[in-house]
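Residue numbers (our numbering), protein chains in the order written: chain A, 250 to 579; chain B, 250 to 579.
Using N, Cα and C, we set each Cβ at its ideal position, and we do this for glycine too.
Working notes, structure below.
Protein chains: 2
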Amino acid sequence: MSRPTMEDVAARAGVSRALVSIVYRDAPGASDATRARVLAAGEALGYRPDHRARLLGRTRTRLLGVTFDVQHPFHGDLIEALYSAAESTEYDLALSAVAPSRAETRAVQSLLDYRCEALILLGPRLSRAALADLATHQPVIAVARKVKATGVDVVRTDDAAGARLAVEHLLALGHRSILHVDGGKSPGAAERRTGYKSALRRAGLRPVVLPGGPTEDDGARAAKFILDDHPEATAVTVFNDRSAVGLLDAIRQSPREVPTDLSIIGYDNTSTAALSHINLTTIAQNTPALATEALTTALARLTDTPHTPTTVIPPTLIPRGTTAPRSAQS
Amino acid sequence: MSRPTMEDVAARAGVSRALVSIVYRDAPGASDATRARVLAAGEALGYRPDHRARLLGRTRTRLLGVTFDVQHPFHGDLIEALYSAAESTEYDLALSAVAPSRAETRAVQSLLDYRCEALILLGPRLSRAALADLATHQPVIAVARKVKATGVDVVRTDDAAGARLAVEHLLALGHRSILHVDGGKSPGAAERRTGYKSALRRAGLRPVVLPGGPTEDDGARAAKFILDDHPEATAVTVFNDRSAVGLLDAIRQSPREVPTDLSIIGYDNTSTAALSHINLTTIAQNTPALATEALTTALARLTDTPHTPTTVIPPTLIPRGTTAPRSAQS
DNA sequence: AACTAGAACTAGAGCGCTCTAGTCACGGGC
DNA sequence: GCCCGTGACTAGAGCGCTCTAGTTCTAGTT
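The following block contains the structure:
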């Protein structure tokens with residue numbers, strides 16, 4: 250005894266199979282009375298349309314494939330936002346996870362096997378060539394990663410603007426000696442660094458970039474530089490939250506106080522940054538905007554509507570406890 | 250010009266459609282020579298079987314539905330483990346996310362619309378009745394949550410054993426005055442509390458449970474109790490990592506040193522606990538085992554093989570820097 | 001009364017696979 | 001020479017939907 254089919258519902262409601270289809274697709278061509286009768290019959294039988302058959306039957310699957318990294322909390326937020334954005338469209342989302350044991354190509358392939366009409370790749374690490382190749386078959390939207398592959402649309406955060414935002418926040422607090430802890434070769438690091446530099450120059454100040462990286466240890470190492478070589482600095486912008494947390498911790502174990510003696514800004518607004526005992530001022534990516542833009546771009550591509558191939562979303566500042574006005578004595 | 254179908258491959262290889270199907274399913278009934286020829290033809294055309302049609306065609310979908318919470322890092326680990334576990338079976342995984350904007354019922358429904366043969370629910374929050382109802386139609390495995398719904402199989406961590414593990418670690422380090430910071434009404438709290446109590450009693454010691462909760466602030470509050478009312482304590486087991494981190498931070502801001510004056514053990518092995526500047530000793534759930542057991546249970550249910558309805562996996566201790574032998578003076 | 005437009009509904013051909021029930025050729029056993 | 005078993009392959013009927021091209025019925029025109 251398997252699940253009821255459209256046939257069963259049709260029989261019970263005393264109509265044709267086609268009519269049941271019409272009702273369940275909410276398509277025109279059925280009177281309100283019949284509509285109610287069919288739905289009642291379906292309800293009584295516990296009928297639910299078979300998604301596989303539905304997909305097969307129609308010419309277009311109306312399916313948007315999304316790959317995400319299972320280890321990346323930020324991707325979770327994006328998926329959440331994508332779901333709400335897809336709500337108002339006629340498209341459905343199909344998820345495929347990328348994990349250490351499941352390569353990105355594998356994840357993408359599985360989506361294609363479902364005949365998704367477009368691919369939304371969160372933080373893709375595929376090569377430029379691989380992405381371009383994918384894009385020859387269906388629209389490909391790369392989210393949250395600056396890639397330059399032909400035919401691939403990009404929706405990402407304006408990292409330079411984020412760095413600028415951080416600097417301007419510090420300038421507004423009266424800081425004049427502001428350092429930057431670099432992110433090395435991590436994605437986004439170059440843009441954040443130049444954003445920092447240009448913002449400082451525009452204020453007539455001299456930018457100072459300390460070597461760093463993406464981890465807590467990189468931040469802790471940078472703290473040493475600051476304590477030893479830069480007693481004049483009253484504020485520092487850090488490549489990301491992880492590094493900033495490492496730096497924060499190292500500074501707190503020194504005689505210097507945060508934020509009284511040194512203001513610190515991170516980048517990413519990770520959940521760690523929000524922890525009450527860390528309480529790190531940081532720059533947040535605009536997740537809902539990224540998701541909405543990714544979806545809009547995908548739909549535009551699918552309908553051949555003109556659209557901007559690269560969308561850059563401005564981030565926002567999340568002021569917390571690690572930044573404060575420059576203290577009087579410094 | 251849509252994607253090539255089985256028909257196209259068959260034409261190119263000069264065989265029937267059925268033979269192509271046989272080859273791609275790796276089913277017996279084709280000579281090695283033809284097999285190679287068909288695969289070559291498929292390769293040349295860039296053919297990939299349509300998953301929707303494949304699913305529709307066969308009687309059984311061989312699909313396992315998995316719901317997960319997009320905000321829960323632990324679920325990411327589980328998915329990763331589930332993928333590798335599913336590798337060796339003939340089943341495929343279908344993911345469906347639970348998010349603030351997407352209720353669990355919605356996620357489950359979508360999986361059922363794809364006619365998944367069994368449901369693996371990660372940390373389900375559905376009511377006992379809802380779960381039981383689901384289980385009347387197909388196997389349901391609840392992972393990482395202690396639920397008691399008829400027909401629902403459960404695979405979870407042995408929290409009592411975890412608490413015991415924590416206590417035994419501290420006893421082995423020579424501690425005799427060991428406190429426990431409670432988790433309140435959080436899932437798992439009761440079991441961890443009783444595990445702690447029984448382990449202490451068995452050692453002939455008096456258990457002391459301090460009120461607490463799941464957040465950093467709860468931990469920080471508990472730290473106050475310890476500093477003010479329990480100077481004799483040399484070690485503390487905490488309900489979870491978040492609370493433990495809050496506690497750790499509060500203690501570090503006091504004159505007492507961790508781990509010299511006070512050893513702390515968390516629970517969950519979150520990524521925060523692993524941060525080098527936190528370096529929290531903790532109890533880790535055995536993710537691969539949970540995933541494997543969930544899968545095994547699902548398959549057993551599907552094949553009517555006898556199986557244990559509730560599988561309890563022992564966790565393991567992750568010794569880090571917040572625990573040390575009881576110091577001489579205390 | 002004859003005609004027509006449109007709404008309500010149906011028949012039936014796909015969609016791209018799987019799978020059962022064959023057909024066909026070949027070789028061995030008697 | 002005949003029968004049969006076996007391996008290689010094919011025909012064709014689904015799977016549960018969608019969708020085009022109808023058919024039927026009602027009501028409004030002239």
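- [ ] Put A/Phe317 into one of helix, strand or coil per three-state DSSP.
- [x] Within the first sequence, residue 317 of chain A is the residue found at index 68, counting from 1. It is a strand residue.
Note to self: As an exercise, report each continuous beta strand (DSSP E) stretch of at least 3 residues that is fully enclosed by the segment 333 to 379 of chain B, in chain order.
What the structure shows: 341 to 347, 367 to 371
| task | Measure the CB-CB distance between A/Leu294 and A/Asp257 and report whether it falls below 8 Å. | result | In the first sequence, residue 294 of chain A corresponds to position 45, counting from 1. In the first sequence, residue 257 of chain A corresponds to position 8, counting from 1. A contact, by the Cβ cut-off of 8 Å.
Original post:
Taking the DSSP output, what are the residues bridged to A/Arg405?
Top reply: Residue mapping note: residue 405 of chain A aligns to position 156 of the first sequence, counting from 1. In the DSSP output, where bridge partners are listed per residue, A/Arg405 has A/Val561.
**Prompt:** Shorter than 8 Å from the beta carbon of B/Glu292 to some beta carbon of chain A?
**Reply:** Counting from one through the second sequence, the residue named residue 292 of chain B turns up at place 43. Not closer than 8 Å to any Cβ of chain A, the Cβ of B/Glu292 fails to qualify, so no.
Give the straight-line distance between the Cα atoms of B/Ser579 and B/Gly495, rounded to the nearest whole angstrom.
The residue you call residue 579 of chain B lines up with position 330 of the second sequence. The residue you call residue 495 of chain B lines up with position 246 of the second sequence. Only weak support is given to the placement of B/Ser579: the predicted model assigns it a pLDDT of 48, under 50, and the value that follows is read from those uncertain coordinates. Computed Cα separation, rounded: 24 Å.
Cα separation between A/Leu497 and A/Gly433? One-based indexing of the first sequence puts residue 497 of chain A at position 248. One-based indexing of the first sequence puts residue 433 of chain A at position 184. So the two alpha carbons sit approximately 19 Å from each other.
Worksheet entry | Cutoff 8 Å: A/Val487 Cβ touching any chain B Cβ | Sequence index remark: in the first sequence, residue 487 of chain A carries index 238 (1-based). Cβ-Cβ to chain B under 8 Å: no for A/Val487.
- Cβ of B/Ile390 within 8 Å of Cβ of B/Asp402? Working through the second sequence from its first residue, we reach residue 390 of chain B at position 141. Working through the second sequence from its first residue, we reach residue 402 of chain B at position 153. Yes, they are a contact pair.
Interface partners of B/Arg364 on chain A, CB under 8 Å
Looking up residue 364 of chain B in the second sequence gives position 115. Going along chain A in sequence order, the residues near B/Arg364 (Cβ under 8 Å) are Arg252, Asp299, His300, Arg301.
Quiz item: Beta-carbon separation of B/Ile328 and B/Ala547 under 8 Å?
Solution: Here the question's residue 328 of chain B lines up with position 79 in the second sequence. Here the question's residue 547 of chain B lines up with position 298 in the second sequence. Against a cut-off of 8 Å, the Cβ pair of B/Ala547 and B/Ile328 comes out as no contact.
_For a test of the three-state rule: what should DSSP assign to B/Ala391, helix, strand or coil?_
In the second sequence, counting from the first residue as 1, residue 391 of chain B sits at position 142. Note: B/Ala391 maps to strand in three-state DSSP.
- Item | CB contact flag (B/Tyr613, B/Pro253, <8 Å) | As shown, chain B starts at 250 and ends at 579. That puts residue 613 of chain B outside it, with no answer to give.
_Boundaries (first-last residue) of the alpha helix (DSSP H) holding A/Ser520_ = As a first step, residue 520 of chain A is located in the first sequence; it is residue number 271 there, counting from the start. Where A/Ser520 is concerned, the enclosing alpha helix (DSSP H) stretches over 520 to 523.
- Pull up the distance between the alpha-carbon of A/Glu440 and that of A/Gly411, whole angstroms please. Counting from 1 along the first sequence, the entry for residue 440 of chain A is found at position 191. Counting from 1 along the first sequence, the entry for residue 411 of chain A is found at position 162. Distance between the alpha carbons of A/Glu440 and A/Gly411: 9 Å.
Practice task
Kindly give me the distance between the Cβ atoms of A/Pro456 and A/Tyr445, rounded to whole angstroms, as I take these residues to be in contact under 8 Å.
Solution key: The residue labelled residue 456 of chain A in the question sits at position 207 within the first sequence. The residue labelled residue 445 of chain A in the question sits at position 196 within the first sequence. Yes, A/Pro456 and A/Tyr445 are in contact; Cβ-Cβ is about 6 Å, under 8 Å.
Does the CB of A/Ser579 have a neighbour CB from chain B at under 8 Å?
In the first sequence, residue 579 of chain A corresponds to position 330, counting from 1. Any reading at A/Ser579 must be qualified, since the residue scores a pLDDT of 48, below 50, and its modelled position is unreliable; no value is offered.
- Report yes if the CB atom of B/Glu366 is closer than 8 Å to the CB atom of B/Leu551, and no otherwise. Counting from 1 along the second sequence, the entry for residue 366 of chain B is found at position 117. Counting from 1 along the second sequence, the entry for residue 551 of chain B is found at position 302. Yes.
Cutoff 8 Å: B/Ala472 Cβ touching any chain A Cβ
Stepping through the second sequence from its first residue, residue 472 of chain B is reached at position 223. Not an interface residue.
key: Pairwise C-alpha distance: A/Thr536 and A/Gly351   = To locate residue 351 of chain A, count along the first sequence from 1; it is residue 102. To locate residue 536 of chain A, count along the first sequence from 1; it is residue 287. The displayed chain sequence assigns Arg, not Gly, to residue 351 of chain A. One C-alpha to the other measures close to 25 Å.
**Q.** Bridge partner(s) assigned by DSSP for A/Ser512
**A.** One-based indexing of the first sequence puts residue 512 of chain A at position 263. DSSP, once it has assigned bridges, lists A/Ala484 as partnering A/Ser512.
Checklist entry - By how many angstroms is the C-alpha of B/Phe488 removed from the C-alpha of B/Val430? => result Within the second sequence, the letter at position 181 stands for residue 430 of chain B. Within the second sequence, the letter at position 239 stands for residue 488 of chain B. Each residue's Cα considered, the two are about 6 Å apart.
Kindly give me the distance between the Cβ atoms of B/Thr571 and B/Pro504, rounded to whole angstroms, as I take these residues to be in contact under 8 Å. For this step, residue 571 of chain B is matched to residue 322 along the second sequence. For this step, residue 504 of chain B is matched to residue 255 along the second sequence. B/Thr571 to B/Pro504, Cβ: 17 Å. No contact.
| field | Sheet register partners of A/Val458 (DSSP bridge) | value | As a first step, residue 458 of chain A is located in the first sequence; it is residue number 209 there, counting from the start. Paired residue(s): A/His429.
**OP:** Reducing DSSP to helix, strand and coil, say where B/Ile567 ends up.
**Re:** Along the second sequence, one-based indexing puts residue 567 of chain B at 318. The answer is strand: DSSP assigns B/Ile567 an E or B state.
Contact set between the segment 320 to 335 of chain B and chain A, restricted to residues whose Cβ is under 7 Å from the partner:
Gln320, Pro322, Gly325, Ile328, Glu329, Tyr332, Ser333
On the DSSP letters alone, give me the boundaries of the beta strand (DSSP E) that A/Thr531 sits inside. Position 282 of the first sequence, counted from the first residue, corresponds to residue 531 of chain A. Here the beta strand (DSSP E) through A/Thr531 covers 531 to 533.
- request: Find out if the Cβ-Cβ distance for the pair A/Arg394, A/Gly372 is shorter than 8 Å.
  value: Reading the first sequence from its first residue, position 145 is the one you call residue 394 of chain A. Reading the first sequence from its first residue, position 123 is the one you call residue 372 of chain A. Taking 8 Å as the Cβ cut-off, A/Arg394 and A/Gly372 qualify as a contacting pair.
Would B/Ile271 pass as a contact of B/Leu414 if the rule is Cβ separation under 8 Å?
On the second sequence, residue 271 of chain B is found 22 positions in, with the first residue counted as 1. On the second sequence, residue 414 of chain B is found 165 positions in, with the first residue counted as 1. No, these two residues do not count as a Cβ contact at 8 Å.
Checklist entry - At which residues does the alpha helix (DSSP H) containing A/Ser580 begin and terminate? => result Here chain A comprises residues numbered 250 to 579, so residue 580 of chain A is not present and cannot be evaluated.
Taking the alpha-carbon positions, what's the A/Val485 to A/Thr565 distance?
Here residue 485 of chain A refers to the residue found at position 236 of the first sequence. Here residue 565 of chain A refers to the residue found at position 316 of the first sequence. Distance between the alpha carbons of A/Val485 and A/Thr565: 18 Å.
### Message
Let me check one thing: in DSSP terms, what residues is A/Leu312 bridge-paired to?
### Response
As a working note, residue 312 of chain A is residue 63 in the first sequence. According to DSSP, A/Leu312 bridges with A/Asp341.
Count the other CB atoms within 10 Å of the CB of A/Pro558; is the residue buried (16 or more) or exposed (fewer)? For this step, residue 558 of chain A is matched to residue 309 along the first sequence. It is exposed - the Cβ of A/Pro558 has fewer than 16 other Cβ atoms within 10 Å.
Closer than 7 Å at the beta carbon, the chain B residues around A/Thr552:
Sequence index remark: in the first sequence, residue 552 of chain A carries index 303 (1-based). Those do not exist, as A/Thr552 stays about 17 Å from chain B at its closest Cβ, beyond 7 Å.
*State whether the segment 281 to 292 of chain B contacts the segment 340 to 348 of chain B, with contact taken as three or more CB pairs (one from each stretch) at a distance under 8 Å.*
no
*Can you tell me whether B/His418 is buried or exposed, with buried defined as 16 or more other CB within 10 angstroms of its CB?*
Position 169 of the second sequence, counting from 1, holds the residue named residue 418 of chain B. It is buried - the Cβ of B/His418 has at least 16 other Cβ atoms within 10 Å.
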